[in-house]
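Numbering (the working numbering), first residue to last: 11 to 200.
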Ligand code: GLN
């Protein structure tokens, strides 16, 4: 069966591993470049993008993740979307982005007063009315021409893909609906 890595430096790691388990997939915590050799796909979870970015560099995973993403699918959720992006519209100088997908990201883009909310999203290629949890979520301010937009909410892009790289602003691991995770699994060979 499939083994998927979940970057386990900070953030919503166990929730992703639990959802993968529900799909019969083994989620493996990735903490080092060596761990990456055991998996065929990688999830970069939500959490605090500044902390995850700093830790990626501290443990020496920056180039290994970029190499991995050239050959294997990567899914960035929430803070993971920010890290996969190519640029940040707001005060992101401190962040060293992985630059895996050609998107410009706005952090905390839905305003701090509405910290978190759940909506039903229509997602291209996946389905209609998919329950989606947003927590201090970023949105995608603009995309390059090779990027496919998969979902929008409130006229803001919240899910997109480019080749092997999938990103979403929300937390698919926090609902019982596993359509989004299955879509990512389908990109990964057995
Ligand atoms: N706002 C957070 C950040 O900028 C992301 C929040 C999340 O991952 N739930 O990193």
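From the three backbone atoms N, C-alpha and C, an ideal C-beta is built for every residue, glycine too.
Unbroken beta strand (DSSP E) run spanning residue i, endpoints
{"i": "residue 87", "result": "84-87"}
{"i": "residue 141", "result": "137-145"}
{"i": "residue 20", "result": "Segment: none, residue 20 is in no beta strand (DSSP E) and carries neither H nor E."}
{"i": "residue 120", "result": "Looking at the DSSP string, residue 120 is not in any beta strand (DSSP E), and its letter there is neither H nor E."}
Whole-number beta carbon distance between residue j and residue i, since they are thought to touch under 8 Å
{"i": "residue 111", "j": "residue 94", "result": "5 Å"}
{"i": "residue 115", "j": "residue 148", "result": "5 Å"}
{"i": "residue 105", "j": "residue 60", "result": "6 Å"}
{"i": "residue 183", "j": "residue 25", "result": "4 Å"}
{"i": "residue 140", "j": "residue 133", "result": "5 Å"}
For residue i, the residue or residues it bridges with in DSSP
{"i": "residue 115", "result": "98, 150"}
{"i": "residue 157", "result": "Answer is none; residue 157 lacks a bridge partner."}
{"i": "residue 38", "result": "15"}
CB contact below 9 Å: residue i versus chain B
{"i": "residue 38", "result": "In the structure shown, chain B does not exist; there is a single protein chain."}
Where the alpha helix (DSSP H) through residue i begins and ends
{"i": "residue 168", "result": "From DSSP, residue 168 is part of no alpha helix (DSSP H) but of the beta strand (DSSP E) over 166-172."}
{"i": "residue 65", "result": "59-68"}
{"i": "residue 44", "result": "43-46"}
{"i": "residue 77", "result": "72-81"}
Near ligand 1, which residues have their beta-carbon closer than 7 Å to a heavy atom? Cβ-based neighbours of ligand 1 within the cut-off: 21, 56, 57, 58, 59, 60, 88, 89, 92, 117, 118, 145, 146, 147, 148, 181.
For the segment 15-24 against the segment 33-52, are there 3 or more C-beta pairs whose distance is under 8 Å? Pairwise C-beta distances place the segment 15-24 in contact with the segment 33-52, as three or more of them are shorter than 8 Å.
So, does the segment 150-166 touch the segment 71-87, judging by three or more C-beta pairs under 8 Å? Three or more Cβ pairs closer than 8 Å define a contact, and the segment 150-166 falls short of that threshold against the segment 71-87.
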